[in-house]
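Asks: Pasting a structure below so you can have a look.
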Amino acid sequence: MTFTESLFLTPMRISISFGLSASILILLCAVILVSVYFYYRRTIPSIESNWRIFLAVLRGLAIFGILLAIAELTFNISSVLEKKSTSIFLIDNSKSMLHDQNSLNRAIDNLKNVSGSDQAEYQFYHFAETISDSQISPVDDLLFTGASTDISSTLELLNKLKDEKNLQNVILITDGIYNKGDKPIHIAEKLNVPIFTIGVGNPNKQKDLIVKDIITNDNLYVDNNSPIKISIVNNGYDAREIEVFLLEDGNQIDAKKIKLIGNFNEIEFDYTPKSDSEKRLTVNVKALTDEVTAKNNSLSKYVNVLSNKIKVLLVASGASVDLSFIKQSLTSKNDYNVKTLVENLGHGFLPNSTNKSFLDSADVIFFVGFPGINSSQNFLDELKSIIQRKNLPLFTLISNESDFSRLQFFNDYLPFEWGNPYGDVSQIFIDIREGLAKNEILNIDESNSFNIWNTFPPIFRVDRDFRSKPESEILSYFKIQNNRVNQPLILSRKINRHRSIAFIGFGIWRLKLLNALKTSENEYFDNFINNSIKWLSSPEISKNLKLNLSKKIFDSSERVIVSGQFYDESNQAVSNANISLDISKENQPIINAILEPIGSGLYQFALSDLTEGDYSLKVSTDYGGQKYSDDGKFSVSETELEYQNLTMNEGLLKQIAEISGGKYFSAEASDKLFSDINSFLSQRIVENEVHDSIQFWNSFYLLIGVIFLLAAEWFIRKRLGLL
């Protein structure tokens with residue numbers, strides 16, 4: 001966004017200051033005049049009086065210049081800068097504005113009647129997800145193609161610039177339907193500038209069906225039944241029966257009928273994918289004849305369908321309650337294939353733990369109090385080799401059975417370092433900082449993760465200094481009694497393509513006991529373990545070349561940014577590879593391009609003007625004699641987000657106007673504001689006194705002048721033969 005501003009400069013006032021007192025300065029000037037006079041009163045040999053006067057002037061000016069430097073001569077300049085008031089017109093350019101064409105046209109036509117003012121400058125911008133970079137004219141034709149609306153971030157930007165630009169008023173022309181960012185009431189009050197709101201659209205709810213949400217896991221498995229829960233908003237169709245369709249990649253796979261009851265309705269499909277790939281699931285509700293629009297009757301979501309369950313190997317130096325609870329948590333999920341390897345005091349493994357063959361096929365490894373003091377070096381070598389070769393993600397639980405001299409063997413794969421012990425074991429409380437409670441690993445409850453973590457029963461920790469590695473993120477600290485200790489308890493690390501989590505505490509089975517009688521609260525521990533597995537086993541860590549898209553479903557007006565990330569076999573970022581991009585639509589190649597390197601192993605390419613439909617894309621490269629590739633899918637459609645709500649939010653616009661000291665107008669009544677706008681708006685000119693100074697004594701030109709005068713005097717004296 002580029003602001004302009006109107007400035008007026010009043011006449012300048014100039015004053016002179018010295019670093020010496022006036023009396024001393026006058027005395028020194030007199031001394032200079034007298035000394036120069038007597039110096040050139042008589043010369044040897046005698047010269048004409050004109051030359052003597054000229055040389056005396058040169059000498060006097062040079063010495064006077066030196067005196068001014070010593071006296072620190074400074075010119076002080078001051079003036080008053082008058083800044084005209086700025087009134088900014090913000091016009092919502094999102095798609096939902098087109099829903100009520102009559103209301104929109106009325107507001108735009110009235111806007112064209114705005115007349116200028118000598119006291120104020122009017123600036124016009126449009127906004128949707130962000131504000132426009134440059135001004136527009138009030139008579140410009142807007143396309144209203146914005147795929148989302150964020151009012152709060154637009155007002156936030158004005159708040160940052162209001163003092164600099166003398167912002168006096170904001171005129172907000174919108175339907176008030178925001179679907180991104182925060183509720184704009186708070187920032188409207190913080191802006192402390194009158195906001196005049198113009199409501200475009202119909203404030204009364206109209207008959208409509210809206211597919212609001214599709215709820216399912218992001219990762220599903222072949223031949224595993226998974227529930228797909230659909231939320232449908234009903235406006236005006238109570239007791240009506242509707243038909244709902246479920247589609248996979250555009251092909252119908254199921255259909256159900258539901259009788260609408262109340263405003264919110266849910267329907268559930270059973271979905272069993274038959275092949276592993278990325279799938280686009282779409283829910284369609286058959287449109288009713290008197291609906292206000294059918295553009296919100298459909299919603300899509302992409303899911304990853306994996307061929308096998310995630311294979312988790314638990315390795316422990318001995319049987320423990322923590323091991324039992326972690327295993328129970330994992331086996332309660334249908335998504336994991338869980339095996340254990342429990343050492344038997346240095347004599348192989350326990351009889352019921354003969355899963356060493358599973359080691360080579362594991363996807364994630366858990367160390368539970370491992371390695372221990374009796375751990376076999378041969379087994380440690382084998383384990384490290386597999387972690388290194390397959391880049392296996394690692395979860396490490398530190399207990400009083402952990403042997404740190406052997407744990408050092410795996411230091412490259414841990415998110416922490418440690419120092420000397422200072423005790424044995426302490427009882428501690430988990431201390432999650434509020435800003436981290438929504439971290440994808442710690443988010444164990446949709447609304448209350450912070451309080452839940454900080455009310456868990458106490459656990460135990462080995463008394464030793466632990467430090468986070470530079471590239472690690474500290475997710476939790478701990479407390480002893482009520483005293484916070486600034487040492488990590490839970491950490492995560494993502495470096496190159498390897499991920500690891502560490503829990504530097506044991507007795508974590510006690511977390512299961514927060515409220516064991518309530519099923520929902522009994523699942524917090526399970527949610528933490530499940531979140532950890534999801535984060536560790538993210539598909540992105542297993543590929544040298546990774547394709548990234550900012551999202552999966554784009555609006556037809558949006559640019560599609562394709563990003564790539566490339567690492568070689570030693571996990572070093574590669575920035576000089578030639579990575580090709582191939583895009584197909586309906587199995588027909590349409591684009592072949594080369595990704596542009598942007599540094600640190602990252603590559604990018606931007607696409608625009610894509611027609612609606614489903615697209616598949618592939619990035620590939622030959623590097624070091626090997627071929628690397630990755631693929632994905634995305635869709636271009638008329639985004640449903642702007643049609644999720646088509647009722648003008650008149651209440652919000654009235655609140656914004658009232659709390660900011662402005663006034664609300666409907667689009668039909670906006671001519672009352674625009675035809676006599678100067679009487680409504682504050683147009684106060686702000687005067688800012690501007691000060692500047694020229695330090696004559698510190699001037700390069702003064703130095704050059706003094707040198708020139710002395711050089712000229714010396715040259716003339718030599719030509720005249722003076723001693």
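In our numbering, the protein residues as written are 1 to 723. The beta carbon of each residue, even a glycine, is placed where N, CA and C say it ideally should be. Because the structure is a prediction, the values reported are computed rather than measured.
(1) With a Cβ-Cβ cutoff of 9 Å, do D465 and N420 count as a contact?
(2) What are the partner residues of T216, as DSSP defines its beta bridges?
(3) Could you say if the region 253 to 264 and the region 232 to 239 meet the contact criterion of at least three C-beta pairs nearer than 8 Å?
(4) Using only CA atoms, which one of V706, K718, L681 and E713 lies nearest to S87?
(5) Does D175 pass the burial test, meaning 16 or more other C-beta atoms within 10 Å, or should it be called exposed?
(6) Only counting the same chain, and skipping five residues up and downstream in sequence, which positions put a Cβ closer than 6 Å to that of V321?
(7) Once DSSP output is grouped into helix, strand and coil, what is the label at K551?
(8) Where do the N-terminal and C-terminal ends of the alpha helix (DSSP H) with G65 fall, by residue?
(9) Under 8 Å: do the region 419 to 433 and the region 476 to 486 share three or more Cβ pairs, one atom per stretch?
(10) Bridge partners of N483, per DSSP?
(11) Do I198 and L142 have their beta-carbon atoms positioned less than 9 Å apart in this structure?
(12) On the DSSP letters alone, give me the boundaries of the beta strand (DSSP E) that V36 sits inside.
(13) Closest to N678 by C-alpha separation, out of I108, V315 and S117, would be which residue?
(14) Looking at the structure shown, is N105 part of a helix, part of a strand, or coil, going by DSSP?
(15) If L489 sits next to I501, beta carbons under 8 Å apart, how far is it from one beta carbon to the other, in whole angstroms?
(16) Return helix, strand or coil for Y237, following the three-state DSSP convention.
(17) Given a cut-off of 9 Å on the beta-carbon distance, is the pair R52 and R41 in contact?
(18) Using a 10 Å radius around the Cβ and a threshold of 16 neighbouring Cβ atoms, would you call E612 buried or exposed?
(19) Between D100 and the rest of its own chain, which residues show a CB-CB distance below 6 Å, the 5 nearest in sequence each way excluded?
(20) State the DSSP-derived secondary structure class of S532, mapped to helix, strand or coil.
(21) Using only the alpha-carbon positions, how far apart do I24 and L158 sit?
(22) Measuring only the C-alpha atoms, how far is S332 from F665?
(23) Alpha helix (DSSP H) containing Y706: first to last residue?
(24) I need the boundaries of the beta strand (DSSP E) containing K311, first residue and last residue.
(25) When you compare the region 692 to 703 with the region 62 to 74, are there three or more beta-carbon pairs, one atom per stretch, that lie closer than 8 Å?
(26) Report the rounded CA-to-CA distance for S275 versus L547, giving the unit in angstroms.
(27) Under a Cβ-count criterion, where at least 16 other Cβ atoms within 10 Å of its own Cβ denotes burial, should S402 be classed as buried or exposed?
(28) Quick one: what's got a C-beta closer than 7 Å to I195's C-beta in the same chain, skipping five residues either side?
(29) By the DSSP assignment, the beta strand (DSSP E) with F680 in it spans what residues?
(30) Do the region 283 to 303 and the region 611 to 625 meet, that is, are 3 or more Cβ pairs less than 8 Å apart?
(31) Between the beta-carbon of I387 and the beta-carbon of W535, is there less than 9 Å?
(32) What residue range does the beta strand (DSSP E) around F404 cover?
(33) Output the distance between the C-alpha atoms of E121 and E164, rounded to the nearest integer angstrom.
(34) DSSP on A657, reduced to helix/strand/coil?
(35) Quick check: what's the CA-CA separation for N166 versus K160?
(36) Grab me the residues of S152's own chain with a C-beta within less than 6 Å of its C-beta, minus the 5 sequence neighbours each way, in chain order.
Replies: So, to answer that:
(1) Going by C-beta atoms, D465 is nearer than 9 Å to N420.
(2) For T216, which the question treats as bridged, DSSP gives no partner whatsoever.
(3) Contact holds: three or more Cβ-Cβ distances are below 8 Å.
(4) It is L681 whose Cα lies nearest to the Cα of S87.
(5) When all chains shown are included, D175 counts as buried.
(6) Scanning its chain for C-beta atoms nearer than 6 Å, with the 5 sequence neighbours on each side dropped, one finds around V321 the residues W509, in chain order.
(7) Reduced to three states, the DSSP call for K551 is coil.
(8) In the DSSP annotation of this structure, the continuous segment of the alpha helix (DSSP H) that includes G65 starts and ends at S49 to I70.
(9) Look at the beta carbons and you see the region 419 to 433 touching the region 476 to 486: at least three pairs across the two are nearer than 8 Å.
(10) In DSSP, N483 forms a bridge with I480.
(11) No Cβ-Cβ contact shorter than 9 Å links L142 with I198.
(12) Per DSSP, V36 belongs to no beta strand (DSSP E); it is in the alpha helix (DSSP H), A22 to Y39.
(13) Closest option to N678, Cα to Cα, is S117.
(14) The three-state secondary structure of N105, taken from DSSP, is helix.
(15) Contact between L489 and I501 is absent: CB atoms are separated by about 12 Å, not below the 8 Å threshold.
(16) Looking at Y237 - three-state DSSP - the assignment turns out to be coil, as it is neither helix nor strand.
(17) Contact: yes.
(18) Exposed.
(19) Excluding positions up to five away in sequence, the list reads G201 and N202.
(20) In this structure, DSSP gives S532 a helical state, which the three-state scheme calls helix.
(21) Cα to Cα, the separation comes out at about 54 Å.
(22) Straight-line Cα distance between these residues: approximately 58 Å.
(23) This sequence places Val at residue 706; Tyr is not what is there. Unbroken alpha helix (DSSP H) run through V706: F700 to L720.
(24) Run containing K311: I310 to A316, per the beta strand (DSSP E) assignment.
(25) The region 692 to 703 vs the region 62 to 74: in contact.
(26) Across the structure, S275 and L547 are spaced so that their CA atoms are roughly 21 Å apart.
(27) S402 should be labelled buried.
(28) Shown here for I195: same chain residues with a beta carbon closer than 7 Å to its own, the five before and five after excluded, namely V170, L172, A188, I656, A657, S660 and G662 in chain order.
(29) Run containing F680: none in the beta strand (DSSP E); it sits in the alpha helix (DSSP H), I677 to F680.
(30) As far as the Cβ criterion goes, the region 283 to 303 does not touch the region 611 to 625, which means the pair count is below three.
(31) For I387 and W535, no; Cβs fall outside 9 Å.
(32) First-last for F404: F404 to L407, but that is the alpha helix (DSSP H), not the beta strand (DSSP E).
(33) Rounded to the nearest whole angstrom, the C-alpha separation of E121 and E164 is 14 Å.
(34) Here DSSP, grouped into helix, strand and coil, assigns A657 to helix.
(35) Rounded to whole angstroms, the gap between the alpha carbons of N166 and K160 is 11 Å.
(36) Around S152: G181, D182, P184 and I187.
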